[in-house]
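Participant:
2 protein chains.
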Amino acid sequence: MGRPGAPRGQGRDRVVAAALELFSERGVSGTSLQMIADSLGVGKASVYYQFKTKDDIIQAVIAPAFEQIRHILAETEASPAPQETLVASLVDLVIAHREVMAALSYDPAVRRFLESHEEASALILKLGQTLLGPAPAARRRVATSMFGAALSGVGVDPNLADIDDATLRRELIDLGRTLLHASAANQI
Amino acid sequence: MGRPGAPRGQGRDRVVAAALELFSERGVSGTSLQMIADSLGVGKASVYYQFKTKDDIIQAVIAPAFEQIRHILAETEASPAPQETLVASLVDLVIAHREVMAALSYDPAVRRFLESHEEASALILKLGQTLLGPAPAARRRVATSMFGAALSGVGVDPNLADIDDATLRRELIDLGRTLLHASAANQI
DNA sequence: GTCTATATCAGGATAGAC
DNA sequence: GTCTATCCTGATATAGAC
Numbered sequence: 021m022g023r024p025g026a027p028r029g030q031g032r033d034r035v036v037a038a039a040l041e042l043f044s045e046r047g048v049s050g051t052s053l054q055m056i057a058d059s060l061g062v063g064k065a066s067v068y069y070q071f072k073t074k075d076d077i078i079q080a081v082i083a084p085a086f087e088q089i090r091h092i093l094a095e096t097e098a099s100p101a102p103q104e105t106l107v108a109s110l111v112d113l114v115i116a117h118r119e120v121m122a123a124l125s126y127d128p129a130v131r132r133f134l135e136s137h138e139e140a141s142a143l144i145l146k147l148g149q150t151l152l153g154p155a156p157a158a159r160r161r162v163a164t165s166m167f168g169a170a171l172s173g174v175g176v177d178p179n180l181a182d183i184d185d186a187t188l189r190r191e192l193i194d195l196g197r198t199l200l201h202a203s204a205a206n207q208i
Numbered sequence: 021m022g023r024p025g026a027p028r029g030q031g032r033d034r035v036v037a038a039a040l041e042l043f044s045e046r047g048v049s050g051t052s053l054q055m056i057a058d059s060l061g062v063g064k065a066s067v068y069y070q071f072k073t074k075d076d077i078i079q080a081v082i083a084p085a086f087e088q089i090r091h092i093l094a095e096t097e098a099s100p101a102p103q104e105t106l107v108a109s110l111v112d113l114v115i116a117h118r119e120v121m122a123a124l125s126y127d128p129a130v131r132r133f134l135e136s137h138e139e140a141s142a143l144i145l146k147l148g149q150t151l152l153g154p155a156p157a158a159r160r161r162v163a164t165s166m167f168g169a170a171l172s173g174v175g176v177d178p179n180l181a182d183i184d185d186a187t188l189r190r191e192l193i194d195l196g197r198t199l200l201h202a203s204a205a206n207q208i
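Below, the structure is given as structure tokens:
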């Protein structure tokens, strides 16, 4: 079966899609390879044919988001007003990967995974530092932390599921800027 | 050993304290009863002597926070300006139970636990509705969700560990009110 | 590529000795 | 109250047939 050649990553993509859905419902630790296999209607061993370990699946699930983070950072560093544009870029990131954020932001398994992958941790650290700016006061640090948590949180919140992406994006950017401006050293 | 009588809940308290620390480091699902036992220097069965199931331990860990939530709700309902005082009360809650919040807010195991305990879910639902007010617009709903996520998030954030409780409390209340006022229908 | 079967291990939970 | 020993279940992962 399956014509020879052109076996592009269909199998892998199906696994990633199924994993993402289950992760967002039950968390990473709460999702077994058996569940992923069941939701695809295949056996466990077939999943292992596509990915050697569960960590490899996690990596594949979060890869697109991190690709976008890399892009955002490059873009931000070239911007004359980094913090202003970064707020909007981060909101776009959350909107684009709403499910992934909800599923992964606070999962302990993912945190361990990130800690063992230095480049990913470095990316996130850089994001935070850019948002904070140099020598931030306590108020600024609290506001930045609140904004970060809020970004992840709105994805998790099922109460907001009925709000469309455009509206959510607009309000998030606006409220996020309100929050950060209220803590800026050089605010107007 | 151990003199007869006066065996007050010392054993249980030690288990709860150890569990809280491990939960906050590794998440609930990532913490086994073996780990709790090891950190106490006892065997697994000794932990089971104090608590019949792991769920019972979870319940004991979050019980103080929920006790305070009940108190806050009663207080809020008697207040002439519920939303104003609720913001401060919730911040106090987070400050008082900083570790528990960090450990439990987003853990899938805890979410399942809450879903199976209706009164706990009802409490949290009531909190949200009070903060939202009647017939909230999308902006208000997003702001409220952001505030809720931010409350949990600042507990999780290790970057804020060095900020003392009083400062954190002040900034959280102030920034929280900024956020909510920016989305109030009847704002000044 | 998918299956069945299995090895290996860890988790929650219980029984019974001390 | 704590221990050792054990049961049962489910998880990751592998081997080898089809």
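As you go down the protein sequences, you meet chains A and B in turn.
Numbering follows the numbering used here, with no gaps: position 162 of the first sequence is 182.
Numbering follows the numbering used here, with no gaps: position 131 of the second sequence is 151.
Beta carbons are placed, not taken as given, at the ideal position from N, Cα and C, and that holds for glycine.
In chain A, what lies closer than 9 Å to B/I183 by C-beta?
Facilitator: Result: A158, R161, V162.
Participant: Quick one: is A/S49 near chain B, going by C-beta distance under 7 Å?
Facilitator: Closer than 7 Å: yes.
Participant: Got a sec: is the Cβ-Cβ distance from A/G175 to anything in chain B below 7 Å?
Facilitator: No, because no Cβ of chain B sits closer than 7 Å to the Cβ of A/G175.
Participant: Below 6 Å CB to CB, which residues in the same chain sit around B/R32 once its five sequence neighbours on both sides are set aside?
Facilitator: Result list for B/R32: Q70, in chain order.
Participant: Taking Cβ to Cβ, would you say A/S165 is nearer than 7 Å to B/V174?
Facilitator: Yes; because the gap between Cβ atoms is below 7 Å, this pair is in contact.
Participant: Could you name the residues of the same chain whose beta carbon sits closer than 7 Å to that of B/Q207, not counting the 5 residues immediately before and after it, in chain order?
Facilitator: With a pLDDT of only 47 at B/Q207, under the threshold of 50, the placement of this residue in the model should not be trusted, and no figure is reported.
Participant: With 16 as the cutoff for other CB atoms within 10 Å, does A/R160 come out buried or exposed?
Facilitator: Counting Cβ neighbours within 10 Å, A/R160 comes out buried, since at least 16 surround it.
Participant: So with CB distances below 8 Å, who are the chain B contacts of A/S172?
Facilitator: Going along chain B in sequence order, the residues near A/S172 (Cβ under 8 Å) are A169, G173.
Participant: Distance, Cα to Cα, B/S59 vs B/A39?
Facilitator: Going from the Cα of B/S59 to the Cα of B/A39 covers about 9 Å.
Participant: What is the C-beta distance between B/S44 and B/A129, in whole angstroms, given that I count them as a contact (C-beta under 8 Å)?
Facilitator: Incorrect: roughly 14 Å between the Cβ atoms, too far for contact.
Participant: Name the chain B residues that come within less than 8 Å of A/P128, Cβ to Cβ?
Facilitator: What A/P128 touches in chain B: R46, G47, S49, G50, D127.
Participant: Determine whether the beta carbon atoms of A/L195 and B/A157 lie at a separation below 7 Å.
Facilitator: Cβ distance not < 7 Å, so A/L195 and B/A157 don't count as in contact.
Participant: How would you list, in chain order, the residues of chain A whose beta-carbon sits under 9 Å from the beta-carbon of B/A65?
Facilitator: The contacting residues do not exist; B/A65 stays about 25 Å from chain A at best.
Participant: Output the boundary residues of the alpha helix (DSSP H) element that contains A/L192.
Facilitator: 185-201 is the extent of the alpha helix (DSSP H) around A/L192.
Participant: State the Cα-Cα distance for the pair B/E97 and A/P100, rounded to the nearest angstrom.
Facilitator: Taking the straight line from one Cα to the other gives about 49 Å.
Participant: In the DSSP assignment, the alpha helix (DSSP H) including B/E102 goes from what residue to what residue?
Facilitator: Looking at the sequence itself, residue 102 of chain B is Pro, so the reference to Glu does not match. First-last of the alpha helix (DSSP H) with B/P102: 102-116.
Participant: Which ranges does the alpha helix (DSSP H) cover as unbroken runs of at least 4 residues, wholly within the region 134-158 of chain B, from first to last along the chain?
Facilitator: Whole alpha helix (DSSP H) segments, 4+ residues: 138-152.
Participant: With 16 as the cutoff for other CB atoms within 10 Å, does A/H117 come out buried or exposed?
Facilitator: Result: buried.
Participant: Check the C-beta distance from B/R90 over to B/L151 and give it rounded, since I have them as a contact under 8 Å.
Facilitator: That pair is no contact at about 16 Å.
Participant: Below 7 Å on C-beta distance, what does A/E191 contact in chain B?
Facilitator: Correct list: A158, R159, V162.
Participant: Is there at least one Cβ from chain A nearer than 7 Å to B/T150's Cβ?
Facilitator: With 7 Å as the cut-off, B/T150 does not count as an interface residue toward chain A.
Participant: Would B/S165 pass as an interface residue toward chain A - the criterion being a Cβ-Cβ separation below 7 Å?
Facilitator: So yes, B/S165 belongs to the interface.
Participant: Can you list the residues of chain A that B/L147 reaches, using a CB-CB cut of under 7 Å?
Facilitator: Under the 7 Å cutoff, chain A gives no residues; its nearest Cβ is about 12 Å from B/L147.
Participant: In terms of residue numbering, what span does the alpha helix (DSSP H) encompassing B/T73 cover?
Facilitator: Element bounds for B/T73: n/a, residue is neither H nor E.
Participant: For B/A140 and B/D75, what's the separation of their Cα atoms in angstroms?
Facilitator: C-alpha separation (whole angstroms): 14 Å.
Participant: Does the separation of the CB atoms of B/R189 and B/V62 fall below 7 Å?
Facilitator: No, the Cβ-Cβ distance between B/R189 and B/V62 is not below 7 Å.
Participant: Out of B/P178, B/A155, B/S66, point me to the one whose CA is closest to A/L145's CA.
Facilitator: Of B/P178, B/A155, B/S66, the residue nearest in Cα terms is B/P178.
Participant: Could you tell me the distance, in whole angstroms, from the CA atom of B/V120 to the CA atom of A/Q30?
Facilitator: Their backbone Cα atoms lie some 42 Å apart in a straight line.
Participant: Alpha carbon to alpha carbon, how far is A/Q54 from A/I78?
Facilitator: Taking the straight line from one Cα to the other gives about 15 Å.
Participant: Here's a check: name, in chain order, each residue in its chain whose Cβ is nearer than 8 Å to the Cβ of A/L134, leaving out the five neighbours to either side.
Facilitator: A140, S141, I144.
Participant: Residues of chain B with CB under 7 Å from A/S99, in chain order?
Facilitator: Ordered by position in chain B, no residue passes the 7 Å Cβ test against A/S99, which lies about 24 Å from the chain.
Participant: Hey, quick one: how far does the alpha helix (DSSP H) through B/P57 stretch, first residue to last?
Facilitator: What sits at residue 57 of chain B in the sequence shown is Ala, not Pro. Taken as a continuous stretch (DSSP letters only), the alpha helix (DSSP H) holding B/A57 covers 53-60.
Participant: So the alpha helix (DSSP H) A/S44 belongs to, where does it begin and stop?
Facilitator: From DSSP, the alpha helix (DSSP H) with A/S44 extends over 30-46.
Participant: Assuming A/A108 and A/I183 form a contact by the criterion Cβ under 8 Å, report the distance between their Cβ atoms to the nearest whole angstrom.
Facilitator: Not a contact, Cβ separation roughly 18 Å.
Participant: Would you report the Cα separation of A/V176 and A/D185, rounded to the nearest angstrom?
Facilitator: A/V176 and A/D185: Cα-Cα distance of roughly 14 Å.
Participant: Can you tell me whether DSSP reads A/A83 as helix, strand or coil?
Facilitator: Residue state, collapsed to three classes: helix.
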